[in-house]
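*Asks:*
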Amino acid sequence: MEPTDVHAEGLDRVVVARTAISMVDGEAGRLVLAGRAVEDLAGVRFEAIVSRLWRAAAGPRPDPHAIVPAGLDETSLRTALGAARRRAATRLGDGGAWLQLPVAMDAVRGAVALLHDDTPALDVVATVAVATAWWIAARRGVALPPPDGARDHASDLLRMITGEAAPAPAAALARYLVTVSDHGMNASTFAARVVTSTGADPVSAVVAALGALKGPLHGGAPGPVLDMLDAVGEPARAHAWLQAQLDAGHRIMGMGHRIYRVRDPRAAALEQAITSLEPGAGASRGGAARLALARAVEREATALLAARHPERPLAANVEFYTAVLLDALELPREAFTAIFACGRVAGWLAHVEEQRRCGRLVRPQSQYVGD
Ligand code: COA
């Protein structure tokens, strides 16, 4: 059979799956997660969105061999996930070689890679969170924090990383994890689906997804966004600094998106989460002044990019305000991508289930241009 499109570099506009998990409308700037618009998810706990995503993935007649527990409501999922975090800590013991790796994503990938291939989905979610918190603790040279299975996932993750979890910051982290829990056929989700399509296990799929998320063009941008804010320093310097970056041929991190032609709706959700924190939150990182700086940089970057690419609207993406929010929560920037994975792993596992049910090997073609 003749290939349909030999020039789809980056698979732009190629639809590779039918999904009930999430919908991204890049023209209108809309994101729907298992039937709910992202802007309506303020106050929703991570457990609630996991329950919805996994139900959507399993479909109306869940298969008894489904890899995600589709029948758990928010309350039972919270109890089960708390127990899974405890099991994850027991399994991870006192760490291992993975804990010493200098890059957070490598450490988390290493911890997940050690799981047996029949590890339940909740234990995979729990392992990503505990491994992330433990890597941060190991870097700081403090004791590895035991999980508190009675808390909700976001609150426990925040407590394990920062030592405390007041209600407003915990709710802001929950908003973040919910906001990034799934996003159509992004690169890491596609990686998970490709691996699943070969008949490989969910742990292998999540390891592949972690590898894809590490890249700066996907989940690795928020750390560099903060570096940029630090380098700019104050709103008045934004224009000249950004101009120099663009003149030197560099990309502005946190700006632009493969799918969105308008501002990423997740940027608004996260900006709102930042403003929901008490005025003193993140004071050690600049607090309200940092948010004002971020807004000024976004304004300037949007204008400069519009002048350079009038044909292609380039606006703030999720990573821009991820950086500001996670920084205000006093989370370390070198672990931002791993914290992203703590949320996205729910979506990956939903897609693993959906792909498993589809059962078709993903096997595109290439056009030979060699000798
Ligand atoms: N800064 C400067 N220029 C950018 C840009 C950015 N952030 N994003 C895109 N462009 C430029 C491209 O270089 C390209 O220019 P060219 O035609 O002169 O080569 C043009 O805009 C069109 O880009 P496009 O092909 O539509 O972008 P893409 O789909 O290949 O890239 C991203 C999408 C996300 C990879 C890209 O916008 C980017 O690198 N952003 C910064 C990293 C980031 O924030 N990643 C997180 C994504 S959620």
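Okay, so the sequence shown: first residue is 25 according to my numbering, each after it adds one.
Where is the CB? At the ideal position from N, CA and C, for every residue including glycine.
May I ask which residues mark the beginning and end of the alpha helix (DSSP H) holding Ser75?
*Replies:* Element bounds for Ser75: Phe70 to Ala82.
*Asks:* Along the beta strand (DSSP E) that carries Ser205, what are the first and last residues, could you check?
*Replies:* Note, Ser205: premise wrong, no beta strand (DSSP E); not H, not E.
*Asks:* Whose C-alpha, out of Leu237, Ala293, Val204 and Glu324, is nearest the C-alpha of Val256?
*Replies:* Cα-wise, what sits closest to Val256 is Glu324.
*Asks:* For the ligand COA, any of its heavy atoms closer than 6 Å to the Cβ of His281?
*Replies:* Within the cutoff, so yes.
*Asks:* What's the gap between the Cα of Gly134 and the Cα of Pro334?
*Replies:* Whole-angstrom Cα-Cα distance: 43 Å.
*Asks:* Is the beta carbon of Trp372 sitting closer than 7 Å to the one on Ala233?
*Replies:* Cβ atoms of Trp372 and Ala233: closer than 7 Å.
*Asks:* What does DSSP give as the partner residues of Ala61 in its beta bridges?
*Replies:* In the DSSP output, where bridge partners are listed per residue, Ala61 has Val56.
*Asks:* Since Ser46 and Val38 should fall inside the 8 Å C-beta cutoff, what is the C-beta to C-beta distance between them, to a whole number of angstroms?
*Replies:* Their Cβ separation, rounded to whole angstroms, is 18 Å, which puts Ser46 and Val38 out of contact at 8 Å.
*Asks:* Run through DSSP, which three-state label would Ser100 get?
*Replies:* Three-state result, Ser100: helix.
*Asks:* Provide the residue(s) that pair with Ser300 in DSSP beta bridges, ordered along the chain.
*Replies:* Ser300 is not bridged to any residue.
*Asks:* So Ser46 is in the beta strand (DSSP E); what residue range does that whole segment cover?
*Replies:* It spans Ser46 to Asp49 - the beta strand (DSSP E) in which Ser46 sits, taken as one unbroken run.
*Asks:* Looking only at its own chain, which residues have a Cβ that is under 8 Å from the Cβ of Ser228, when we skip the five neighbours before and after it?
*Replies:* Around Ser228: Asp141 and Val219.
*Asks:* To which residues does DSSP link Ala340 through a beta bridge?
*Replies:* In DSSP, Ala340 forms a bridge with Met279.
*Asks:* DSSP puts Met209 in a beta bridge; with which residues?
*Replies:* His207.
*Asks:* Cβ of Met277 within 7 Å of Cβ of Met252?
*Replies:* Against a cut-off of 7 Å, the Cβ pair of Met252 and Met277 comes out as a contact.
*Asks:* How far does the alpha helix (DSSP H) with Thr222 in it reach, from first residue to last?
*Replies:* Premise fails: Thr222 is in no alpha helix (DSSP H) and is neither H nor E.
*Asks:* Taking C-beta to C-beta, are Glu378 and Thr43 nearer than 7 Å?
*Replies:* Yes; because the gap between Cβ atoms is below 7 Å, this pair is in contact.
*Asks:* Going by beta carbon distance, what residues of the same chain come within less than 7 Å of Leu181, once the five residues before and after it are set aside?
*Replies:* Taken in chain order, the residues that qualify are Ala153, Ala157, Leu197 and Cys366.
*Asks:* Inspect the CB distances between the region 143-153 and the region 105-117 and report whether three or more fall short of 8 Å.
*Replies:* Verdict: yes, contact present.
*Asks:* For Ala215, count the other beta carbons within 10 Å of its own beta carbon; 16 or more makes it buried, fewer makes it exposed. Which is it?
*Replies:* Looking at its Cβ environment, which holds 16 or more other Cβ atoms inside 10 Å, Ala215 is buried.
*Asks:* So, with DSSP's three-state summary, where would you put His263?
*Replies:* In this structure, His263 counts as helix in the three-state DSSP scheme.
*Asks:* Measuring only the C-alpha atoms, how far is Ala211 from Val249?
*Replies:* Ala211 and Val249: Cα-Cα distance of roughly 20 Å.
*Asks:* Just the C-alpha distance for Val92 and Pro144, rounded to the nearest angstrom, thanks.
*Replies:* The alpha-carbon atoms of Val92 and Pro144 are separated by roughly 8 Å.
*Asks:* Measure the C-alpha to C-alpha separation of Arg285 and Gly243 and round it to an integer number of angstroms.
*Replies:* Arg285 and Gly243: Cα-Cα distance of roughly 19 Å.
*Asks:* Between Gly278 and the ligand COA, is there a pair consisting of the residue's CB and a ligand heavy atom that are separated by less than 6 Å?
*Replies:* Yes, the ligand COA has a heavy atom inside 6 Å of this Cβ.
*Asks:* For Gly53, does the count of other Cβ atoms within 10 angstroms reach 16, so buried, or fall short, so exposed?
*Replies:* Gly53 should be labelled buried.
*Asks:* Within the continuous alpha helix (DSSP H) that includes His333, where are the two ends?
*Replies:* It is not in any alpha helix (DSSP H) - His333 carries neither H nor E in the DSSP assignment.
*Asks:* The ligand COA and Leu241: does any heavy atom of the ligand fall closer than 6 Å to the residue's C-beta?
*Replies:* Yes, the Cβ of Leu241 comes within 6 Å of a heavy atom of the ligand COA.
*Asks:* Regarding His333 and the ligand COA, is the C-beta to nearest heavy atom distance less than 6 Å?
*Replies:* Yes, the Cβ of His333 comes within 6 Å of a heavy atom of the ligand COA.
*Asks:* Alpha carbons only, please: which of Val204, Gly223 and Trp159 is nearest the one belonging to Ile185?
*Replies:* Checking every option, the nearest Cα to that of Ile185 belongs to Trp159.
*Asks:* Could you tell me if the beta carbon of Ala316 falls within a distance shorter than 6 Å of some heavy atom in the ligand COA?
*Replies:* No, the beta carbon of Ala316 sits no closer than 6 Å to any heavy atom of the ligand COA.
*Asks:* Should Ala72 be counted as a contact of the ligand COA given a C-beta to heavy atom distance under 6 Å?
*Replies:* No, the ligand COA has no heavy atom inside 6 Å of this Cβ.
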